[in-house]
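Novice: Protein chains in written order, with the working numbering: chain D, 31 to 315; chain A, 6 to 368; chain Z, 2 to 369.
Every residue, glycine too, gets a C-beta built ideally from N, C-alpha and C.
One structure coming up, written as structure tokens, with questions to follow.
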């Protein structure tokens, strides 16, 4: 009788171990060997890790990744909440605006990459032509800042709708009574937002922040298709870096950087989670 | 505080999809005097909450006017009406402390420093919240939250009225008594104009000096609890107020007085003569506690048979039968009445209400 | 016909809900299981009915061990607090459903006759063709009760069936249920936290406290002779006043001091109060605001709140540190904080052990 809950969990556990645990073990195994295509793997202990940590390219990619994710969060979360606040709450317009918002989320990654590549192509793209009007010389394939900002723009365009949807659902769940009370108390619009809306959105926003952080850390196909990681290494983010190494059949090295990459994601997510949940709801004794 | 008036108020929900949910307030006229405790009593879904929201300005009525001290406020926005409103589900600002919650409406008025502190301390003392000053509001239990939202309502000195919308619904029964006491005390101490909306007879009669009974969008009776109890305006009020409800007996006028069909009851001549001048359908209403009973035979009293004895601890409720007529009578706890025994019954005229076409006629 | 529980234990995780509970109920009795929320009423009811299996202990119906018999084979009926009916069936079909699924077949005419009979009893005749969602809460619960009655189950279990109804409906149904069950064979077991339910409806009452039956017996007997302070306090509406007192002098006309300003002269049934401190109990309706015969013990008190309940007013008073409730059998209002003189009828005093709460003695009731 008492074992029954475990019985129900069993299929999930089996699936999880096949899909996550076993590959992870394989990668860890790689990371401890020097492997070149065809040759017999040679156990090297933590040597790969030391190499990765000492690699200026790796550190550059990590720093670039952190900057990218931070900027993405700083833009997407407030923008998402802002848009959600402006959305209609009832009536026929609700459905329409939700569909419009959902479009970027529905487009496959590679299509996104190709579409934006057309947008940004220096000779025929909409964006360079538009910016040229203001006298700005835009070129993704030559200017590092342009390339980085473009990837950021694509990410904002692609993923802000997700934040909007989360925030919108959160807003809908706040009982009207709270707004009525604030009105009765004579609160200004800003105070109402600050003391009613924001606290009530807290848990949804925490979720959004975490999802967006972990996702932005995995950004891959956009730089691959748009800029190919360049110019130079300007848009070579973590996953692209690891993939490059694997493509070069440096499997041990790629394995070690993957593990470090995973470790960074976990640690950063944990720190972020703790930060958001600082002053947790410690219950009264 | 102010006198609050509703003048020929009407309200209809525009988009009521289902017939069931739709309700209407029709031509409502009420005056709530300055500094009085009032209750609005009616079944759930009869538009009581809407009425409160109309007073506080959260909803605009279809027509009619709302007056504060004789001044129409229909176009005055909520935040300028200075209304305190306590909702069914406790509303506190989670991220603020209890102190900041209470200070919130004051600070919204631009008040600062000592003025705020002095007033908040006053309120906290009145409501016994002293020990919770620095507590985050999200950590309070529902009863405490409700007290804080009450305190927030009364913090402003220029509060016009305190509106309460079934504020005890989600409160643990054990904590209810304290909250009830505080509510009553606050109203009494601050001489608030209070409007308490509820479907619960007990709460209405406990909190209010004047209870307005609403049914199907109309006011049935507006009176003190004692008056509602002693002189219910309709048989429905007599049934609705008090436990068990009033006995209502259909009467028929005959050549020699008043008769109750289905029984051979003889009514006291005092009652019969009161009914003499009445027209239309006549009902006689008498509360179970005013029915006089005697286990020994009494001349002029009517013989009934005890059908059922319900013990209630402090008293007993007897179900008495005569012919097809059943009435209830309340007797003392130590009376030794048995089912099947005879009981002689009298309706004292001064405690008996007469209704002509469903409306009470003053003796 | 009887139902018996022997040494029943039940626990959920670490929480022990029923502790070695034994109970025997005879046919023809309307039995209420009275106890505060969380005392284990619902669990016991479910175990007796067979919906839940006890961790230990046996259940017997008519002397036969049914502990392992599934609920479908027990011929019982269960009415829940929530109004549970088949939403897509009319009230008629709802009431007929137990007969239609029964092992022994009923003819349609027989079903119709039984449904109509039961509907008549529960005043549902005029709404039988409606769906549950189209009728009032009171009627939905009547329908659920009718479903329980129609199959003539030998054991009927009701778990706070009136809890979700408003007070006027509760009042009505209480009287009706009493009438309905009065002439029925079989055992009715009714779990409720409301003492008034037990007082008005039942023939027998068991007071459940902390997973055990503290007292069991005929309703009026338990009411007048509570074995324990918690039974006395709970099985009274409003609750019995309990406060500590000190013995001032013994012998005939023993003096008990409740506060510096309140000394009670009591004529105790059992003049055996060796210790100095006791717990004194008096029911709210034995406190008064007037003393026309000049025989009661006066004391000063402050009004905390006057609560109107039905046709009564429960006056919550505070005398020094002691909180007392006074029951007035009329509707009246008092300002909070008003000073009043109240009177205690010392003919109706109970004495309990202050540590164990066990009943010790009581005053001789004056015969009016």
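(1) When you compare only the Cα positions, how much space is there between residue 211/A and residue 144/A?
(2) Please list, in chain order, the chain A residues whose beta carbon lies closer than 7 Å to that of residue 207/D.
(3) Are residue 358/Z and residue 229/Z touching if we call contact CB-CB under 7 Å?
(4) Report the residues of the region 100-112 of chain A with a CB closer than 8 Å to any CB of chain D, ordered along the chain.
(5) Does the distance from the C-beta atom of residue 351/A to that of residue 290/A stay below 7 Å?
(6) Do the region 287-303 of chain D and the region 115-130 of chain D make contact, defined as three or more Cβ pairs closer than 8 Å?
(7) Out of curiosity, what's the CA-to-CA distance linking residue 311/D and residue 99/A?
(8) Can you tell me which of 21/Z, 35/Z, 162/Z and 10/Z puts its alpha carbon nearest to the alpha carbon of residue 207/Z?
(9) When you compare only the Cα positions, how much space is there between residue 115/A and residue 108/A?
(10) I'd like to know if residue 203/D contacts chain A, where contact means its C-beta is closer than 7 Å to some C-beta of that chain.
(11) Mind the definition here: the region 177-187 of chain D touches the region 210-228 of chain D only if three or more C-beta pairs lie below 8 Å; say whether that holds.
(12) When the distance is taken between beta carbons, is residue 66/Z closer than 7 Å to residue 59/Z?
(13) What are the residues that DSSP puts in a beta bridge with residue 262/A?
(14) Could you name the residues of the same chain whose beta carbon sits closer than 7 Å to that of residue 367/A, not counting the 5 residues immediately before and after it, in chain order?
(15) What residues in the region 213-227 of chain D have a beta carbon less than 8 Å from any beta carbon of chain A?
(16) Note down, in chain order, each residue of its chain lying with its Cβ closer than 6 Å to the Cβ of residue 203/Z, except the 5 sequence neighbours on either side.
(17) For chain D, check one thing: does any of its Cβ atoms lie closer than 7 Å to the Cβ of residue 189/A?
(18) Return no unless some Cβ of chain Z is closer than 7 Å to the Cβ of residue 248/A.
(19) To which residues of the same chain is residue 26/A closer than 6 Å at the C-beta, ignoring the five residues directly before and after it?
(20) What residue ranges within the region 205-285 of chain D form continuous alpha helix (DSSP H) runs of no fewer than 4 residues, ordered along the chain?
(21) So if DSSP puts residue 3/Z in a beta bridge, which residue, or which two residues, is it bridged to?
(22) So what does residue 223/A bridge to, in DSSP terms?
(23) Could you name the residues of chain Z that residue 151/A contacts, counting a contact when the two beta carbons are closer than 7 Å?
(24) For my contact list, residue 78/Z and residue 154/Z are in at a C-beta cut-off of 8 Å; report their separation, rounded to the angstrom.
(25) Skipping 5 residues on each side, what residues in its chain have a beta carbon closer than 7 Å to that of residue 17/A?
(26) Anything in the region 226-257 of chain D with a Cβ closer than 9 Å to a Cβ of chain A? List those residues in chain order, please.
(27) By DSSP, does residue 320/Z sit in helix, in strand, or in coil?
(28) For residue 301/Z, which residues in chain A fall below 9 Å Cβ to Cβ?
(29) Looking at C-beta atoms only, is the number of pairs between the region 188-204 of chain Z and the region 118-125 of chain Z that lie closer than 8 Å three or more?
(30) Where does residue 47/A fall in DSSP's three states?
(31) Can you tell which of 277/D, 191/D and 213/D has its C-alpha closest to the C-alpha of residue 114/D?
(32) Just checking: is the beta-carbon of residue 200/Z within a distance shorter than 7 Å of some beta-carbon in chain A?
(33) Alpha carbon to alpha carbon, how far is residue 302/A from residue 35/A?
(34) For residue 53/D, report the span of its alpha helix (DSSP H) as first-last.
(35) Of all Cβ atoms in chain Z, is any one closer than 7 Å to the Cβ of residue 231/A?
(36) DSSP three-state call for residue 216/Z: helix, strand or coil?
Specialist: On the basis of the supplied data:
(1) 30 Å
(2) 92, 94 and 96
(3) yes
(4) 100, 101, 109 and 110
(5) no
(6) no
(7) Residue placement at residue 311/D is flagged as unreliable, the pLDDT there being 46, under the threshold of 50; a coordinate-derived value is accordingly withheld.
(8) 35/Z
(9) 11 Å
(10) no
(11) no
(12) yes
(13) 259/A
(14) none
(15) 213, 214, 215, 216, 217, 218, 221, 225 and 226
(16) 31, 33 and 220
(17) no
(18) yes
(19) At residue 26/A, the pLDDT of 45 sits below 50, so the modelled position is not reliable; the number obtained from the coordinates is stated separately. If we look at residue 26/A and ignore the five residues flanking it on each side, it has no Cβ neighbours.
(20) 206-214, 219-222, 228-246, 251-256 and 268-277
(21) 27/Z
(22) 220/A
(23) Neighbours of residue 151/A on chain Z: none; closest Cβ ~16 Å, over 7 Å.
(24) 4 Å
(25) 29 and 67
(26) 226, 228, 229, 230 and 232
(27) strand
(28) Neighbours of residue 301/Z on chain A: none; closest Cβ ~19 Å, over 9 Å.
(29) no
(30) coil
(31) 191/D
(32) yes
(33) 50 Å
(34) 52-61
(35) yes
(36) strand
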